[in-house]
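Trainee: Protein chains in written order, with our numbering: chain E, 4 to 334; chain A, 246 to 674. All residues carry an ideal CB built from backbone N, CA and C; glycine is no exception.
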């Protein structure tokens with residue numbers, strides 16, 4: 004079986020591949036719960052976490068995932084890296100790739116960073132740990148593992164996602180996954196926080212949170228970035244935002260007794276989510292965090308399973324075809 | 246330079262004089278001396294059998310980068326790229342460093358272009374000092390020193406009050422103001438067209454309303470000032486409609502379209518293609534078709550490339566931070582010939598949009614093959630095919646979305662003032 008070459012986004016995966024990674028992640032949950040949290044799967048492999056944006060949970064999650072599978076893991080954050088000295092993104096990528104890691108895990112504020120680097124780096128697998136407002140595939144695989152544990156399958160379910168959809172990579176990746184796996188995304192936000200033509204993903208779009216609640220199987224809250232307030236006039240105040248789009252106990256009751264709560268973190272308690280809801284029995288927020296480690300173990304294992312035979316691609320399109328071909332062959 | 250050049254048996258198309266026939270073109274001492282028979286001996290001959298012979302093309306929207314950013318392009322490399330594309334006259338935009346906002350720079354550019362001697366270079370003066378959008382430049386002085394129009398291109402003249410004064414002042418002396426129509430408050434942070442593609446890529450978009458609203462505002466101001474107003478690189482359905490309406494009303498409003506805006510759509514950017522990033526951005530299919538309709542019905546009188554060479558370093562950093570702009574001089578003609586092949590324009594109308602029309606708008610002594618006119622001539626094979634190779638482009642800028650694509654239509658010779666400056670793939674001199 005050939006390994007995944009890269010993981011740029013949910014867009015590049017088909018249903019089989021998504022389910023494969025989720026199931027593989029499922030099988031890793033147990034390792035994380037053992038007293039001795041170590042498996043030899045990635046012994047001798049090197050993983051570099053290259054984070055150009057602040058992140059605690061995703062970076063830690065990738066680090067633990069690599070270490071628990073016995074890979075050598077290095078963390079580089081932009082604040083300590085050469086980029087501060089004016090080195091370009093490409094130079095940083097090429098420099099690290101020259102040290103022969105198996106996998107570069109990259110987070111960057113610019114959409115398309117992983118595709119861009121992969122075009123120029125030959126023998127390094129790249130995992131997208133979040134690129135601008137584009138994709139965050141491991142978060143979605145994490146969520147899907149959580150849903151698998153809760154529901155068995157997300158097919159036919161309704162996930163109501165609330166918040167800053169315009170700037171959310173989690174939203175885009177979920178919208179893509181929903182189509183592939185057959186669940187419904189119900190998007191809730193004021194127009195100021197919605198991107199152009201969002202309905203073309205095949206989702207339902209609401210501006211009224213209360214109208215979207217009945218029939219929801221999960222309510223998925225997104226973090227509100229307070230800088231949107233001043234930069235974009237996206238909403239007038241946190242107070243009004245909470246009133247219109249905050250998840251509270253009353254809204255949970257309206258959603259029905261089986262409805263669960265999700266959040267990719269970090270949370271703004273009292274803004275998009277009330278504390279009692281975040282800490283309630285219906286909240287799967289900490290399960291998501293736990294499953295994040297397992298799923299990232301699965302992704303690293305799939306990428307490091309052996310290096311695919313490679314040749315330098317002539318152009319971008321060929322590369323993505325090749326990458327997709329490699330991924331399909333894997334399964 | 247002196248001596249007699251005969252361009253034999255070509256299909257001569259001279260829109261300004263209504264000539265469209267297979268004939269001979271005689272050039273002597275740098276000027277057109279006869280069409281058809283001539284009582285003289287040719288020192289040099291070009292066999293143009295099966296080819297089209299037309300006035301040297303004019304590109305009224307070019308960024309030459311000199312002075313200031315010579316690593317991207319300079320007057321010599323830009324001139325070479327121009328003649329390789331069949332272009333014998335270019336207008337260069339003032340966003341150089343220093344800007345073309347005072348006479349010295351305009352004179353320097355003209356002098357340097359004469360030294361290079363390949364193609365006519367006409368500076369476009371800045372509307373405002375330092376392109377800051379605050380104080381007007383000395384337009385009369387700039388005009389005396391060779392500036393043929395005024396623009397802050399690259400940037401809009403965003404302040405409505407300043408734009409009003411610019412239109413009023415410029416029109417007092419018959420000068421034309423060229424606007425890069427972009428309401429920055431709507432486009433800030435944007436890299437590509439706002440729409441389904443920007444949503445999928447997670448990249449900030451520039452909505453069409455950014456262009457449309459500024460064109461609408463400017464037309465109102467131009468109406469009041471009775472001014473000559475020209476919209477640069479029009480790209481939207483709404484913008485074309487606004488210009489059409491203004492022209493129907495009899496206002497002195499004109500516009501140009503760039504080949505990429507009638508040949509490509511935003512889909513080109515998918516895969517984060519930095520060589521399809523420019524401002525205004527590639528738009529939707531509906532916008533593209535509206536630009537084509539504008540070209541067909543005459544709303545858009547001019548084809549101009551917005552040739553914007555950049556160094557690889559300015560592009561090779563991902564879509565959101567890559568510089569705006571693509572090169573265009575060397576692909577202008579073959580890409581535009583699609584309009585003829587698709588039955589949108591006659592060959593004569595197409596050539597007019599790249600020769601006599603811009604010449605008329607800018608008052609250039611060029612764009613025709615009238616007897617006595619400077620013998621700037623382009624000869625091309627409308628059916629020859631070739632493949633764009635960025636490594637073989639003459640321009641220093643390799644930023645083209647057409648790399649690897651097959652073009653139909655190839656310039657075989659470019660003649661400037663009777664001298665062959667480009668022949669069979671080589672720039673002469």
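Counting only C-beta atoms, is residue 455 of chain A closer than 7 Å to chain E at any point?
Mentor: No, because no Cβ of chain E sits closer than 7 Å to the Cβ of residue 455 of chain A.
Trainee: From A:304, A:470, A:472 and A:459, pick the residue whose C-alpha is nearest to that of residue 485 of chain A; which is it?
Mentor: Checked all of A:304, A:470, A:472 and A:459; the closest Cα to residue 485 of chain A is A:459.
Trainee: Who does residue 250 of chain A pair with in a DSSP beta bridge?
Mentor: According to DSSP, residue 250 of chain A bridges with A:272 and A:289.
Trainee: Report the start-end ranges of each alpha helix (DSSP H) in the stretch 485-563 of chain A that is 4 residues or longer and not cut off at the edges.
Mentor: Taking only runs of at least 4 residues, the alpha helix (DSSP H) segments lying wholly in the stretch 485-563 of chain A are 504-508, 530-542 and 557-560.
Trainee: Give the interface partners of residue 267 of chain E over in chain A, defined as CB-CB distance under 9 Å, in chain order.
Mentor: The contacting residues do not exist; residue 267 of chain E stays about 16 Å from chain A at best.
Trainee: Which residues in chain A sit within 8 Å of residue 118 of chain E, going by Cβ to Cβ distance?
Mentor: Per Cβ cutoff of 8 Å: 516 and 517.
Trainee: So residue 91 of chain E contacts chain A; which residues on that side make the cut at Cβ distance below 7 Å?
Mentor: Simply 562.
Trainee: Along the alpha helix (DSSP H) that carries residue 365 of chain A, what are the first and last residues, could you check?
Mentor: First-last for residue 365 of chain A: 365-368, but that is the beta strand (DSSP E), not the alpha helix (DSSP H).
Trainee: For residue 12 of chain E, decide whether its Cβ has a neighbour in chain A, counting only Cβ atoms nearer than 7 Å.
Mentor: No - not a single Cβ of chain A is within 7 Å of the one on residue 12 of chain E.
Trainee: Can you tell me whether residue 313 of chain E is buried or exposed? The criterion is at least 16 other CB atoms within 10 Å of its CB, across all chains shown.
Mentor: Residue placement at residue 313 of chain E is flagged as unreliable, the pLDDT there being 38, under the threshold of 50; a coordinate-derived value is accordingly withheld.
Trainee: Let me see if you follow: with CB-CB separation under 7 Å, is residue 200 of chain E close to chain A or not?
Mentor: Yes, residue 200 of chain E lies at the interface with chain A (some Cβ there is under 7 Å from its Cβ).
Trainee: Just reading off the beta strand (DSSP E) that residue 306 of chain A is part of, what are its end residues?
Mentor: From DSSP, the beta strand (DSSP E) with residue 306 of chain A extends over 302-307.
Trainee: Within the continuous alpha helix (DSSP H) that includes residue 126 of chain E, where are the two ends?
Mentor: Here residue 126 of chain E belongs to no alpha helix (DSSP H), and DSSP marks it neither H nor E.
Trainee: Please identify the residue among A:658, A:252 and A:447 whose C-alpha is closest to the C-alpha of residue 282 of chain A.
Mentor: If we check each option's Cα against that of residue 282 of chain A, A:252 comes out closest.
Trainee: Report yes or no: is there a C-beta of chain A within less than 7 Å of the C-beta of residue 177 of chain E?
Mentor: Not one chain A Cβ lies under 7 Å of residue 177 of chain E.
Trainee: With DSSP run on the structure shown, which of helix, strand or coil describes residue 299 of chain A?
Mentor: DSSP places residue 299 of chain A in strand when its eight states are reduced to three.
Trainee: Counting only Cβ pairs nearer than 9 Å, list the residues of chain E close to residue 198 of chain A.
Mentor: Residue coverage of chain A in this structure runs from 246 to 674, which leaves residue 198 of chain A outside it and unanswerable.
Trainee: Mind checking if residue 712 of chain A is an interface residue toward chain E, Cβ cutoff 7 Å exclusive?
Mentor: No statement about residue 712 of chain A is possible, as the shown extent of chain A runs from 246 to 674 and does not include it.
Trainee: Quick one, which residues of the stretch 140-172 of chain E are near chain A if we go by CB-CB under 8 Å, in chain order?
Mentor: Result list: 172.
Trainee: Round the Cβ separation of residue 675 of chain A and residue 527 of chain A to the nearest angstrom and send it over; I've been treating them as touching at under 8 Å.
Mentor: Nothing can be reported for residue 675 of chain A: it is not among the residues displayed for chain A, which extend from 246 to 674.
Trainee: When the Cα atoms are used, what is the spatial distance from residue 252 of chain E to residue 157 of chain E?
Mentor: Going by the C-alpha atoms only, they are around 24 Å apart.
Trainee: Under DSSP, the beta strand (DSSP E) around residue 28 of chain E begins and ends at which residues?
Mentor: Unbroken run through residue 28 of chain E is the alpha helix (DSSP H), 18-36; no beta strand (DSSP E).
Trainee: Determine which residues of the stretch 562-584 of chain A have a Cβ less than 8 Å from any Cβ of chain D, and write them out in chain order.
Mentor: Judged by its chain identifiers, the structure shown contains no chain D, and its protein chains are E and A.
Trainee: Please determine, among A:380, A:321, A:594 and A:521, the residue with the shortest C-alpha to C-alpha distance to residue 564 of chain A.
Mentor: Measuring from the Cα of residue 564 of chain A, the nearest candidate turns out to be A:521.
Trainee: If the cut is a Cβ gap below 8 Å, which residues of chain A does residue 203 of chain E touch?
Mentor: Simply 441 and 444.
Trainee: Out of E:30, E:38 and E:145, which has the shortest C-alpha to C-alpha gap to residue 290 of chain E?
Mentor: When each option's Cα is compared against that of residue 290 of chain E, the closest is E:145.
Trainee: My parser needs the alpha helix (DSSP H) runs of 4 or more residues fully inside the stretch 131-201 of chain E; what are they?
Mentor: If we require 4 residues or more, the alpha helix (DSSP H) runs fully inside the stretch 131-201 of chain E come out as 140-154 and 172-184.
Trainee: May I have the straight-line CA-CA distance separating residue 331 of chain A from residue 421 of chain A, to the nearest angstrom?
Mentor: Going by the C-alpha atoms only, they are around 26 Å apart.
Trainee: Am I right that residue 354 of chain A and residue 366 of chain A are in contact with their C-beta atoms under 8 Å? What's the rounded C-beta distance?
Mentor: Sure, about 6 Å apart at Cβ, within 8 Å.
Trainee: Name the one or two DSSP bridge partners that residue 667 of chain A has.
Mentor: DSSP output for residue 667 of chain A lists A:659 and A:672 as bridge partner(s).
Trainee: Could you pull out every residue in the same chain whose Cβ sits closer than 8 Å to the Cβ of residue 225 of chain E, ignoring the five residues on either side in sequence?
Mentor: So the list reads 164, 165, 166, 167, 168, 171, 173, 174, 266, 267 and 275, once near-sequence residues are dropped.
Trainee: Please state whether DSSP places residue 39 of chain E in a helix, a strand or coil.
Mentor: The answer is coil: DSSP assigns residue 39 of chain E none of H, G, I, E or B.
Trainee: What's the call for residue 46 of chain E, buried or exposed, on a 16-neighbour Cβ count within 10 Å?
Mentor: Result: exposed.
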